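Chains as they are written, first to last, in our numbering: chain A, 1 to 412; chain B, 1 to 412.
Note that CB positions come from ideal geometry on N, CA and C, so glycine has one too.
Only a predicted model underlies this, so the values are computations on that prediction, with no experimental measurement involved.
Heads up: the structure comes next, in structure tokens.
This is the structure:
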């Protein structure tokens with residue numbers, strides 16, 4: 001029997017009507033002959049309400065109790081979805097995380113999935129059940145307590161079930177109809193992609209595209225789970241949405257697949273750093289210990305034994321980074337004359353697996369930005385992406401220029 | 001170590017402020033040296049919301065899914081209560097029904113408790129935990145599915161924990177400050193009782209007093225659990241509220257302890273019934289099969305081989321009773337000339353364990369009602385209560401007259 005995993009996010013199950021609409025989609029897949037595992041989020045707004053109560057009760061809360069409280073939203077949706085399917089004469093039942101049991105680490109509120117036994121649900125499928133509705137985002141720790149998986153936890157649950165059950169596909173129903181070449185709010189030329197490679201999706205997700213969480217894409221890539229992103233508000237056939245898949249399944253594509261951006265970056269520069277062996281470790285060790293996620297790093301050319309060191313990090317970690325650097329200077333670990341933070345920047349990136357075999361992408365990118373008089377502050381590259389840090393006010397302009405120069409509005 | 005069970009109903013945990021107030025009471029008992037098991041209901045209104053969603057989704061719902069959905073309200077309160085106690089530096093953690101595990105029958109939405117293993121919670125008490133917060137109203141079936149206990153389920157959970165842990169007492173915090181000689185809305189002379197015997201409380205609860213559910217009193221009586229009912233909105237010492245206890249623990253009491261009433265009764269009369277052996281069985285068999293809860297029964301004196309049979313039942317079962325009787329007549333099981341339903345009646349009862357040793361209570365009751373010109377339609381008695389069915393319009397008058405005649409406003 002072929003198992004299909006379908007995941008519905010909070011906006012897709014926000015009301016009883018929307019749950020009914022989602023259940024109809026599930027019913028259509030059952031009619032096609034699939035056994036379906038449905039992963040549900042809490043009704044939109046419910047998790048925030050619960051998180052609010054916990055935070056108001058206890059600002060530095062016990063994460064075990066936090067998990068016990070916030071996981072209840074998904075349980076409600078799972079039961080209601082099962083009842084809705086039963087009303088449509090589709091044999092269905094709900095599972096809470098501990099009933100599967102979806103086993104996780106003990107890292108409460110950010111737990112990692114360790115095991116999903118399949119026998120329980122497989123047995124029910126064999127007995128004639130057609131749909132297993134599973135509460136997403138939650139599991140059970142080795143100590144028998146409820147855990148939650150953290151941000152994007154329901155997407156991750158869905159991919160993990162698809163991997164465990166060797167599913168034909170994992171369909172992620174959300175409020176957008178697929179993955180775009182860039183954010184359609186920035187340029188109307190943005191085009192929905194039919195297919196995108198795991199590696200590209202991973203870069204786009206970590207670079208700021210919000211359609212899928214990085215963790216779920218990583219998991220899908222590792223277990224070769226075909227992941228489809230599609231809208232729960234539009235009807236479409238099997239080719240609707242965007243398929244995130246192995247790069248071998250993509251026949252033809254542009255050199256660059258997408259342009260991503262992020263406003264949540266800050267640029268920090270240490271001036272007058274003594275340029276000697278081990279200085280990078282002396283700087284980035286304390287930052288790492290302070291929990292600062294350093295992204296890009298640039299070291300300037302050294303003059304008179306001194307250099308400037310520039311790095312970027314999330315804008316909400318600037319204060320923490322400054323504190324760590326000042327403490328390292330006071331303790332004598334490092335020396336620098338000044339520390340300058342620039343929070344008025346943005347990161348713009350081009351991503352594409354075609355960059356592996358095509359040269360000149362960086363040159364074309366820099367030329368296009370130069371033609372618009374956009375000054376580049378920092379550059380980083382990987383095998384399939386190039387990112388630049390620029391003044392925030394040029395961000396939209398840069399995205400539009402790059403989208404045009406790489407012809408992303410046209411299919412390859 | 002002495003274990004105390006404290007139960008907080010929905011209005012006592014309706015907001016974060018009220019949860020804090022309840023937690024303070026728990027903290028005071030911990031300070032006295034108790035290990036405390038707290039049983040919580042869902043925040044007021046939450047269960048109704050969930051039940052509404054289930055009913056709207058599926059009018060004839062799968063009770064297993066109903067239980068999975070509606071039990072979530074108690075889980076939220078349990079986590080929030082544990083967090084609140086932790087904020088007050090009281091070591092606490094929450095338990096959901098399946099974590100205890102509180103084992104029940106598979107009768108979903110009306111499950112019976114079969115076992116409460118104590119080792120898990122006892123172990124935590126030994127490790128220094130002071131409060132176990134348990135989600136009330138829920139358990140786990142032999143099949144591993146979530147069950148709920150039905151009406152009054154949280155009171156029943158509390159008493160069952162008190163029995164399992166051999167608790168010194170089970171305190172039920174509610175929105176009234178104890179058990180009264182009668183409803184204070186009917187007569188301002190109503191007096192709060194300091195103590196009441198299990199048997200009396202059981203009669204009062206089944207006769208319409210809403211402060212405790214019959215099931216929880218039955219359980220308390222069977223396991224000799226000292227049950228105290230008190231207000232969560234007033235501060236009081238150890239003697240606050242009403243103690244429901246073994247009759248041996250009551251030194252002195254009035255012959256009559258309380259006057260109860262119910263407006264939810266109907267009187268039905270079958271006219272012209274053939275008076276022959278087996279006729280009672282022929283009438284009450286079909287009623288029982290139709291799910292009609294017959295309470296009082298009176299058979300008139302027979303004339304010319306015919307008699308009238310009168311019985312009372314809950315007013316919302318009248319249609320069902322009429323249908324059952326007509327079908328029994330059509331099938332030839334019974335014969336009667338007419339069926340008359342009177343829904344304009346009320347039941348008034350006096351209850352007291354003193355009636356066992358005092359004679360003349362019935363005579364005094366009938367005389368008091370006669371003095372007010374209240375006509376008695378049906379009478380039933382048990383060892384410790386006398387109930388009469390009267391015209392509904394005289395109900396308040398009858399309650400007041402009986403409260404006066406038995407001197408319930410004064411302590412014995």
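Problem set entry | Selection from B:329, B:131, B:108 and B:183 that minimises the alpha carbon distance to residue 149 of chain B | Closest by alpha carbon: B:108.
For this session: Report yes or no: do the segment 311-320 of chain A and the segment 262-279 of chain A share at least 3 C-beta pairs separated by less than 8 Å?
Result: yes
Problem set entry | Proximal residues, the segment 37-65 of chain A versus chain B, C-beta separation under 8 Å | 50, 53, 54, 56, 57, 58, 61, 62, 64 and 65
Problem set entry | residue 286 of chain B: first and last residue of the uninterrupted alpha helix (DSSP H) it sits in | 279-289
Exercise. Is the segment 2-12 of chain B touching the segment 366-385 of chain A, taking contact as three or more C-beta pairs under 8 Å?
Worked result: Because the criterion of three Cβ pairs below 8 Å is not met, the segment 2-12 of chain B and the segment 366-385 of chain A do not touch.
For this session: Buried or exposed for residue 60 of chain A, please, with buried defined as at least 16 other CB atoms from any protein chain shown within 10 angstroms of its CB.
Result: exposed
Problem set entry | Cα-Cα separation between residue 360 of chain B and residue 180 of chain B, rounded to whole angstroms | Taking the straight line joining both Cα atoms gives about 24 Å.
Problem set entry | Residue-chain proximity (residue 69 of chain B, chain A), Cβ-Cβ < 8 Å | Yes, contact with chain A.
Problem set entry | Residue burial classification, residue 286 of chain A (beta-carbon count within 10 angstroms, cutoff 16) | Under the 10 Å beta carbon count, residue 286 of chain A is surrounded by 16 or more other beta carbons and is classified as buried.
Exercise. Which word fits residue 398 of chain B, buried or exposed, when buried means at least 16 other C-beta atoms lie within 10 angstroms of its C-beta?
Worked result: buried
Exercise. Within this structure, are the beta carbons of residue 227 of chain B and residue 195 of chain B separated by less than 8 Å?
Worked result: Going by beta carbons, residue 227 of chain B and residue 195 of chain B fall outside the 8 Å limit.
For this session: If I'm right that residue 56 of chain B touches residue 16 of chain A with Cβ under 8 Å, what's the distance once you round it to whole angstroms?
Result: 6 Å
Exercise. For the segment 87-112 of chain A, which residues have a CB atom closer than 8 Å to at least one CB atom of chain B, in sequence order?
Worked result: 87, 93, 94, 96, 98 and 99
Exercise. For residue 150 of chain B, which three-state DSSP category applies?
Worked result: coil
Exercise. Of all the residues that make up the segment 121-153 of chain A, which are near chain B by a beta-carbon distance shorter than 7 Å?
Worked result: 144
For this session: Return the first residue and the last residue of the beta strand (DSSP E) that residue 19 of chain A is part of.
Result: Counting along the chain, residue 19 of chain A falls outside any beta strand (DSSP E), though it belongs to the alpha helix (DSSP H) covering 16-31.
Exercise. Per DSSP, what kind of secondary structure is residue 112 of chain B in: helix, strand or coil?
Worked result: coil
For this session: Identify, in the order they occur along the chain, each residue of the same chain with its Cβ nearer than 6 Å to the Cβ of residue 263 of chain B, setting aside the five sequence neighbours on each side.
Result: If you ignore the 5 residues before and after residue 263 of chain B, its C-beta comes within less than 6 Å of the C-beta of 346, all in its own chain and listed in chain order.
For this session: Return the residue from the list A:155, A:291 and A:306 that minimises the CA-CA distance to residue 316 of chain A.
Result: A:291
Problem set entry | Whole-angstrom C-beta distance between residue 4 of chain A and residue 132 of chain A, which should lie under 8 Å | That belief does not hold up - the Cβ atoms of residue 132 of chain A and residue 4 of chain A are roughly 11 Å apart, past 8 Å.
Exercise. Does the Cβ of residue 28 of chain B have 16 or more other Cβ atoms within 10 Å, making it buried, or fewer, making it exposed?
Worked result: Label assigned to residue 28 of chain B: exposed.
Exercise. Counting contacts by CB-CB distance shorter than 8 Å, is residue 211 of chain B in contact with chain A?
Worked result: no
Problem set entry | Neighbourhood of residue 303 of chain B by C-beta distance below 8 Å, restricted to the same chain and skipping five residues each side | Exclusion of the five residues before and after residue 303 of chain B leaves no residue of its chain whose Cβ lies closer than 8 Å to its Cβ.
Exercise. Is there contact here, the segment 97-107 of chain B with the segment 127-147 of chain B, by at least three beta-carbon pairs under 8 Å?
Worked result: yes
Exercise. Does residue 75 of chain A have its Cβ less than 8 Å from a Cβ in chain B?
Worked result: Chain B contact via Cβ: present.
Exercise. Taking the alpha carbon of residue 306 of chain B as the point to measure from, which residue in B:105, B:288, B:276 and B:387 has its own alpha carbon closest?
Worked result: B:276
Exercise. Among residues of its own chain, excluding the 5 on either side of residue 90 of chain B, which ones have a beta-carbon nearer than 8 Å to its beta-carbon?
Worked result: Only 23, 26, 27, 30, 130 and 131 meet the Cβ criterion.
Problem set entry | DSSP three-state assignment for residue 97 of chain A, whether helix, strand or coil | helix
Exercise. Among the residues of its own chain, which have a CB less than 6 Å from the CB of residue 282 of chain B, if the five just before and after it don't count?
Worked result: 333 and 334
Exercise. In three-state terms, what does DSSP make of residue 81 of chain A?
Worked result: helix
Exercise. Taking Cβ positions only, does residue 79 of chain A come closer than 8 Å to chain B?
Worked result: yes
Exercise. Which residues share a DSSP beta bridge with residue 314 of chain B?
Worked result: Beta-bridge pairing links residue 314 of chain B to B:265.
Problem set entry | beta strand (DSSP E) segment containing residue 404 of chain B, residue limits | That residue, residue 404 of chain B, is in no beta strand (DSSP E); its alpha helix (DSSP H) goes 395-405.
Exercise. Among the residues of its own chain, which have a CB less than 7 Å from the CB of residue 389 of chain B, if the five just before and after it don't count?
Worked result: 265, 267, 296, 312, 345, 347, 377 and 378
Problem set entry | For residue 155 of chain A and residue 44 of chain A, the rounded distance between their alpha carbons | 15 Å
For this session: Verify the CB distance criterion: does residue 82 of chain B have a CB-CB separation below 8 Å to chain A?
Result: Yes - at least one Cβ of chain A is within 8 Å of the one on residue 82 of chain B.
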